[in-house]
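Trainee: So that we are looking at the same thing, I have put the structure below in structure tokens.
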Amino acid sequence: MPMTPARRPNRGPRAAAENRAALIAAARIAFSTEGYGAPLNGIARAAGVGQGSLYRHFPDRESLALAVFEENVSGLEVLAARPEVTLDELLTVMSEQLAALIPTLMVPSPPDPRVEAMTARVAGLLAPKVRAAADAGLIRPDVTITEMILALGMVASVLPTAPRQDRPALAEQAWALLRRGLRA
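Each residue of the sequence shown is one higher than the one before, starting from 1 at the first, in full-length UniProt numbering.
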């Protein structure tokens, strides 16, 4: 029988940041293992907080999923800021994230401005790496950021129907195919 973490004593508002971080970490695990429909009460329990804390930080499932993606994008921005990191290395990390979390955040209709803002951030962190790869002759010089975002979407679209354990290999196969088309 799996052990559930003991509930921590209520420390009031001073624990807010810690509780939020614990909820995001628990959601990342739950979404990657159980999918987007993972029970929110289970996420709260795994984080060691009550449902009230969960809903104070994240009023709905989408907000929690967006927080997980926000953390991913922030990590990608840190990685992309390192000059030695190549486009291929960045795409590998993105593929790993997609494989672990798809289909956590379904494409909303109508488009969610929060998702659009994160997409713009991803485009911004990819832009210098795409230029550097084109300047080095590693990809065609006419490859645009819009095409790279489209390629990410294409990789993401093949993952939801695959069994979770097959997603990393499938993501790598999709990128291998796309890379051949992007090469100079």
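Just so it is clear, CB atoms sit at the ideal spot from N, CA and C, and this is done for glycine as well.
May I ask you to report which of helix, strand or coil DSSP gives D135?
Mentor: Residue state, collapsed to three classes: helix.
Trainee: Is P128 helix, strand or coil when you go by DSSP?
Mentor: In the structure shown, P128 sits in a helix (DSSP, three-state: H, G or I).
Trainee: Give me the Cα-Cα distance between D135 and R183, rounded to the nearest whole angstrom.
Mentor: Cα to Cα, D135 sits roughly 12 angstroms from R183.
Trainee: Classify R180: buried if its beta carbon has 16 or more other beta carbons within 10 angstroms, exposed otherwise.
Mentor: It is exposed - the Cβ of R180 has fewer than 16 other Cβ atoms within 10 Å.
Trainee: With distances taken Cα to Cα, identify the nearest neighbour of A100 among I29, E147, A25.
Mentor: Nearest of I29, E147, A25 to A100, Cα basis: I29.
Trainee: Which residue marks the beginning of the alpha helix (DSSP H) containing Y55, and which one marks its end?
Mentor: Start and end: 51–57.
Trainee: With a cut-off of 8 angstroms on the beta carbons, I'd call L125 and E77 a contact; round off their distance for me.
Mentor: So it is a contact: roughly 5 angstroms between Cβ atoms.
Trainee: By DSSP, does residue 210 sit in helix, in strand, or in coil?
Mentor: Absent from the structure is residue 210, since the part of the chain shown begins at 1 and ends at 184.
Trainee: DSSP state of L23, grouped into three classes?
Mentor: DSSP places L23 in helix when its eight states are reduced to three.
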